[in-house]
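2 protein chains.
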Amino acid sequence: MNSPAQQGHHIVKAFSEELEQLSASVATMGGLAESMISDAIDAIITRDSDLALEVVERDKRIDALQHDVERQIIRLLALRQPLAWDLRVCIAALKISADLERVGDLAKNIARRTRALNEAEPLALTKSVERMGRLVQRHLHEVLDAYVSGEIAGAVGVWERDDDVDEHYNALFRELLTCMAGDPQLIGPGTHLLFIAKNLERVGDHATNIAELVHYAVTGSELTAERPKGTPLESGAS
Amino acid sequence: MNSPAQQGHHIVKAFSEELEQLSASVATMGGLAESMISDAIDAIITRDSDLALEVVERDKRIDALQHDVERQIIRLLALRQPLAWDLRVCIAALKISADLERVGDLAKNIARRTRALNEAEPLALTKSVERMGRLVQRHLHEVLDAYVSGEIAGAVGVWERDDDVDEHYNALFRELLTCMAGDPQLIGPGTHLLFIAKNLERVGDHATNIAELVHYAVTGSELTAERPKGTPLESGAS
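Residue numbers (the numbering used here), protein chains in the order written: chain A, 21 to 258; chain B, 21 to 258.
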């Protein structure tokens, strides 16, 4: 029979394995979310309806994974009653998985607009959307790297560069409105590109949220309350 | 000195008071979110910039409340290590507070567009936006009632009527695009109304999320996985 110390050791070992399993599940969700954003952008640029459909389908897997992560966390909280660092890891995983589930939704929404764009004339503007998309994708990649490695520098970097995404979005918003005003034929596809840009901006926000959660999980303290934010266009534009 | 039984009783009493305090904080957030949506719609309809500014300011209170709710939950999880029903109440409160924080953001985004609309001609379309807004506001109110009372029928009702919001949104989307195509002057304000409609649709989604969480907290089981959903416009419209 095991001594109490050995038993304790085994419990601790099982617990740390469960926490590792939890982090691995969140990382898998992250990889999936990243691939969905990347492929949704590709689908938009190349007007590839098959790829778009694949992205839409992939969203079910990310939803199932989130359910699985939640079940793991509820089980951990109930059976292991974690404290301090361990509790933070659980809370952060719960919230990061919610962010990633939402990124999956946004990728799905972007992909769904491919068909609407397919029917329209190609727009040079999709190039601007692509640039914004790649930037957001990079942010997501960097915060997920920081989550896996626990090295917060990458997360803080993304958090500090949140402004870049807003600037891209504001420029694109103006560009699209000008185009639509110049050629009413472009109102349909232009509107879809506007929503795509908005969705990408939201993905950027989720990347920033994840940066804050990685920082919280690792250090136990919050990044200063006020996130750097570009002047929101909504308050000024007509 | 208290007997162990008395001490146990006190601990249980303190714990149930803490859970009540937690629910009260979430309900306060709910009331605030509801008032923000209602006032944001009013601000849009009456082009009231002062009211819009007040809504934007109120978002800070909802953010602060969410922080407070999270602190309460982390404290409860760490000190009380709740199980079964109590744990579900904590998890649901954590997720509902995240939904409500996001509803506050969306109300702020809507209010921010008041100034942009102010500068433009009044549009009959704001009436359609108002109808959609009131519907969403009612959904939010009903799920918050269900949260406070624990009577899930109201929550299930909202969950089943999620389609109504989508139908409103799809009709409004078509109406706005037609207007913009007919008069390029309306592209600016029309775009803002499009985003407002999209934000309201998202508020409706959060109300549905909250309905699911109330159901989960009370019954321990999930509403069937597939929510009723209208055909998303994005896949068809050009």
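All C-beta atoms in this analysis are idealised placements derived from N, C-alpha and C, irrespective of residue type, glycine included. Quick caveat: nothing in here was measured; it's all calculated off a predicted structure.
{"Item": "Own chain residues within Cβ distance below 6 Å of G174(B), not counting five before or after", "Value": "E162, D165, A166"}
{"Item": "Listed by chain order, chain A residues near M152(B) by CB distance under 9 Å", "Value": "What M152(B) touches in chain A: nothing, since even the nearest Cβ is about 17 Å away."}
{"Item": "Residue nearest to E40(B) in terms of C-alpha spacing, selected from G124(B), L192(B), D106(B), V149(B)", "Value": "D106(B)"}
{"Item": "Against chain A: residues of the region 48 to 68 of chain B by CB proximity under 9 Å", "Value": "none"}
{"Item": "For R222(B) and E150(B), the rounded distance between their alpha carbons", "Value": "15 Å"}
{"Item": "Proximity test, Cβ basis, 8 Å: G208(B) and chain A", "Value": "yes"}
{"Item": "Continuous alpha helix (DSSP H) stretch holding Q86(A): start and end", "Value": "69 to 100"}
{"Item": "C-beta neighbour in chain A for Q157(B), strict 8 Å", "Value": "no"}
{"Item": "For E195(B), the first and last residue of its enclosing alpha helix (DSSP H)", "Value": "182 to 202"}
{"Item": "Nearest to S69(B) (by Cα), restricted to the options F35(B), R132(B), S55(B), I94(B)", "Value": "R132(B)"}
{"Item": "Residue from L71(B), V75(B), I116(B) with nearest C-alpha to V89(B)", "Value": "I116(B)"}
{"Item": "Interface partners of A98(A) on chain B, CB under 9 Å", "Value": "Q101, P102, L103, A104, L107"}
{"Item": "Near-chain A residues of the region 182 to 206 of chain B - C-beta to any C-beta below 7 Å", "Value": "L197, M200, A201, P204"}
{"Item": "Per-residue DSSP class, three states only, for L145(B)", "Value": "helix"}
{"Item": "Beta-carbon proximity check, I230(A) vs D59(A), cutoff 8 Å", "Value": "no"}
{"Item": "Chain-ordered neighbours of I94(B) on chain A, where CB pairs are closer than 9 Å", "Value": "L107, R108, I111"}
{"Item": "S241(B) classed as buried or exposed, judged by whether at least 16 other C-beta atoms fall within 10 angstroms", "Value": "exposed"}
{"Item": "Within-8 Å CB hit, L214(A) to chain B", "Value": "yes"}
{"Item": "Run of the alpha helix (DSSP H) containing L103(B), from where it starts to where it stops", "Value": "L103(B) -> no alpha helix (DSSP H), and no H or E assigned at all."}
{"Item": "Closer than 8 Å at the beta carbon, the chain B residues around A118(A)", "Value": "K115, A118"}
{"Item": "Short Cβ contact (8 Å threshold) for L33(A) with V76(A)", "Value": "Residue identity differs from the one stated: residue 33(A) is Lys in this sequence, not Leu. No, the Cβ-Cβ distance between K33(A) and V76(A) is not below 8 Å."}
{"Item": "Rounded straight-line distance, which links the Cα of L243(B) to that of R181(B)", "Value": "14 Å"}
{"Item": "Three-state class that DSSP yields for G224(A) in the structure shown", "Value": "helix"}
{"Item": "Coil, strand or helix - E254(B) by DSSP", "Value": "Confidence at E254(B) is low in this model, with a pLDDT of 45, below 50, so the placement of that residue should be treated as unreliable; the coordinate-derived value is given next. Reduced to three states, the DSSP call for E254(B) is helix."}
{"Item": "Residues of its chain near A237(A), where Cβ-Cβ distance is below 7 Å and the 5 sequence neighbours each way are ignored", "Value": "R108, V109, A112"}
{"Item": "Neighbour-count burial assignment, Q322(A), 16 or more Cβ in a 10 Å radius", "Value": "No answer is possible for residue 322(A): it lies beyond the span of chain A, which begins at 21 and ends at 258."}
{"Item": "Per-residue contacts from R211(B) into chain A (C-beta, under 7 Å)", "Value": "The sequence shown places Thr at residue 211(B), rather than the Arg named in the question. Here the neighbours are L197, L214."}
{"Item": "DSSP state of E38(B) mapped onto helix, strand, coil", "Value": "helix"}
{"Item": "DSSP state of R133(B) mapped onto helix, strand, coil", "Value": "coil"}
{"Item": "Coarse secondary structure for G50(B), derived from DSSP in three states", "Value": "helix"}
{"Item": "Which listed residue (E54(A), F193(A), A72(A)) has its alpha carbon closest to that of R122(A)", "Value": "E54(A)"}
{"Item": "Residues near G224(A) in its chain [Cβ-Cβ closer than 7 Å; skip 5 each side]", "Value": "V156, H159, D182, V185"}
{"Item": "Nearest-angstrom Cα separation, counted from A98(B) out to R195(B)", "Value": "Reading the sequence as shown, one finds Glu at residue 195(B) and not Arg. Approximately 52 Å, taken between the alpha carbons."}
{"Item": "Beta-carbon spacing of G153(B), I61(B) below 8 Å", "Value": "yes"}
{"Item": "Contact test: R151(B) Cβ vs the ligand FMN heavy atom, cutoff 7 Å", "Value": "In terms of ligand content, the structure shown is empty, and the ligand FMN therefore cannot be addressed."}
{"Item": "Whole-angstrom distance between C199(A) and S36(B), CA atom to CA atom", "Value": "59 Å"}
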